[in-house]
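These notes are about the structure you will find just below.
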Amino acid sequence: MIRSPRGTKDILPDEINDWQNIEDVFRRITKLFGYKEIRTPIFESTDVFSRSIGESSDIVNKEMYTFEDRGGNLITLRPEMTAALVRACIQNSLANRGSLEKLWYFGPFFRYERPQKGRFRQFHQFGAECLSASTPESDAEVVNLGISIIKELGINDYTLLINTLGSNESRQVYREQLTTYLKKYESDLSEDSQRRLTTNPLRILDSKSEKDQEIISDAPTLGESLDDESKGRFDKVLEILTELDISFSISDKLVRGLDYYSHTVFEFQSNELGAQDSFGGGGRYDGLFEQLGGKHTPSVGFAFGVERLLLILESIGKSQESDNPYDIYIITGDKKYSGFSFKVANILRSKNLKVYVDLMDKSFKSQFKESNKLNCKYTLIIAENEIKNNMFALKNMKTGEQEEYSLEALSDIKEII
Ligand code: AMP
């Protein structure tokens, strides 16, 4: 048997209601905030990601699915959306000339990671991006949008971690201070962190190694290097969240893995997830459009991992009931009436009823049995007698009552059932 590749999974019909419920919430809530959907290709020129996410990031370094296509072009299956979305905006002149553009997306993403609970090689993200706005209000809006979605899904127990990386200038000052401090402990740092010391020292702050964390506990903090403007900006974001009764926890170690962030960064965490406890995150990226060849377009956004949202919903008992696939089962006594039963089925479907007709050449009795098994609310019987009298019989499967109606009554079926 050929199996699906490691780290991928089939989403089966039994699970689809949960997916559709989440998608429905995304669609509804983003609409209320005025966000429009965008869909872009699932593969891009590798440059889109290597030029934006950063050569030193885990994603570019070791997780991208990159290959040369038959035309010799270097292609990457998208590992995240922000860079691809920015590429699409530049190409299609969206958010051009500083106009506010609010976009959302949903789709599959690909990272060559070690699969474990909540971590896949093909996974799905929903995200929203607010383009052209540089205000702290826009940061607060995207956090507020994220929280509104979490609440609408019925998730009450989660943590919002938030931090500011400050302006490029203040981050540069901090980077130097941190490097000077960490250099003293270089040989004690984990291998990954030693490498990051030259490529991206800020990433060492969220290292999972205990030894690294011990060293970091005495390191200078980002907050101490912030210039007044960055500080004031962050305070305004927090002020709005407080006014909205959104609880948050400031974490000066939160830097997130990608190079393009500045100022506000945030992450949503849940205790229901185990080691992979982050189910969403985002931040401000003011320089990304320019990095990809566009005009200066300060922007902010976030993404949720859909598989992780599903794990949380399952764990708190909020999975969707699978709904009844059929309302009415049409039973025919003779194959010569199959065309007629199809016709009746179409009339019923035009009244928004879910209809089953036998496709397996079952006997009259087996069709009855099956309609019970399928939990159909009604069976509609078309047999010799009924046809002769221009009638059909309708049996309520719950009460067992059966009544006859003239065929004209089909157009008013909703008044009968
Ligand atoms: P990131 O783009 O790394 O900030 O990730 C945003 C969210 O996507 C995370 O919080 C996860 O919920 C989800 N995510 C990232 N990588 C994976 C993965 N390999 N498998 C499943 N979900 C993921």
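Sequence positions in the sequence shown follow our numbering and run 5 to 421.
Yeah, the Cβ is synthetic: ideal placement off N, Cα and C, and Gly gets one too.
Residue environment, residue i, which counts as buried when at least 16 other CB atoms sit within 10 Å
i      : result
PHE308 : buried
ARG288 : buried
GLU419 : exposed
ASN167 : buried
PRO83  : buried
LEU78  : exposed
ALA279 : exposed
LYS121 : exposed
SER54  : buried
GLY285 : buried
PHE238 : buried
SER221 : exposed
LYS66  : exposed
MET85  : buried
ARG7   : exposed
THR203 : exposed
Same chain, Cβ closer than 6 Å to residue i, neighbours up to 5 away in sequence not counted
i      : result
ALA21  : In the sequence as displayed, the identity of residue 21 is Asn instead of Ala. These residues qualify, in order along the chain: GLN324, SER326.
GLY298 : ILE94
CYS134 : LYS106, SER142, VAL146, VAL304
LEU414 : ILE351
Member of the options whose CA lies at the smallest distance from the CA of residue i
i      : options                        : result
PHE372 : ASN393, HIS128, GLY337         : GLY337
VAL146 : GLU19, GLN198, GLY131, LEU296  : GLY131
VAL422 : LEU165, GLY76, ASP51           : The question about residue 422 has no answer here: the residues shown for the chain are numbered 5 through 421.
VAL359 : LEU164, PHE346, THR70          : PHE346
ASP14  : ASN204, ILE219, GLN126         : GLN126
LYS366 : SER342, ARG353, PHE293         : SER342
GLU228 : LYS257, ILE219, ILE334, GLY285 : LYS257
LYS187 : ILE219, GLY404, ARG175         : ILE219
GLY236 : SER191, ASN275, LEU169         : LEU169
ALA349 : PRO140, ILE335, ILE46          : ILE335
ASP1   : SER410, GLU67, PRO329, LYS392  : Since the first residue of the chain shown is 5 and the last is 421, residue 1 is not available in this structure.
VAL259 : LYS66, LYS215, SER211          : SER211
GLY291 : PRO45, ILE26, ILE57            : ILE57
ALA87  : GLU408, THR44, SER103, GLU276  : THR44
SER60  : PHE283, TYR162, GLY261, MET395 : GLY261
TYR265 : ARG123, LYS369, PHE37, SER171  : SER171
Supposed contact pair residue j and residue i - C-beta distance, whole angstroms, cut 8 Å
i      : j      : result
ASP73  : THR268 : With a Cβ gap of about 38 Å, ASP73 and THR268 do not count as contacting.
PHE30  : PHE113 : Not really, about 15 Å apart at Cβ, beyond 8 Å.
LEU193 : LEU201 : 7 Å
7 Å Cβ shell around residue i - same chain, five flanking residues per side excluded
i      : result
THR301 : ALA99, LEU135, SER136, PHE293
ARG179 : PRO205, LEU206
ARG91  : GLU48, VAL52, LEU296
GLU27  : PHE110
Cβ neighbours of residue i in the same chain (closer than 8 Å, five flanking residues each side left out)
i      : result
ARG10  : PRO119, ARG125
ILE33  : LEU149, SER152, ILE153, GLU156
TRP23  : ILE15, VAL310, LEU314
TRP108 : PHE30, THR34, TYR39, LYS40, GLU41, ILE42, PHE130, GLY131, ALA132, GLU133
Checklist line | Continuous alpha helix (DSSP H) assignments of at least 4 residues falling wholly in the stretch 309-342 | finding: Correct list: 310-319.
Check: Where in the stretch 216-298 do unbroken runs of the alpha helix (DSSP H), each at least 4 residues long, occur, reported from the N-terminal end onward?
Finding: Runs found: 226-229, 232-247, 292-295.
Check: Curious, which full-length alpha helix (DSSP H) runs of at least 4 residues does the stretch 34-86 contain?
Finding: 50-54
Note to self: List, from N- to C-terminal side, the alpha helix (DSSP H) runs of 4 residues or more that fit wholly inside the stretch 106-192.
What the structure shows: Segments of the alpha helix (DSSP H) lying fully in the stretch 106-192: 140-156, 172-187.
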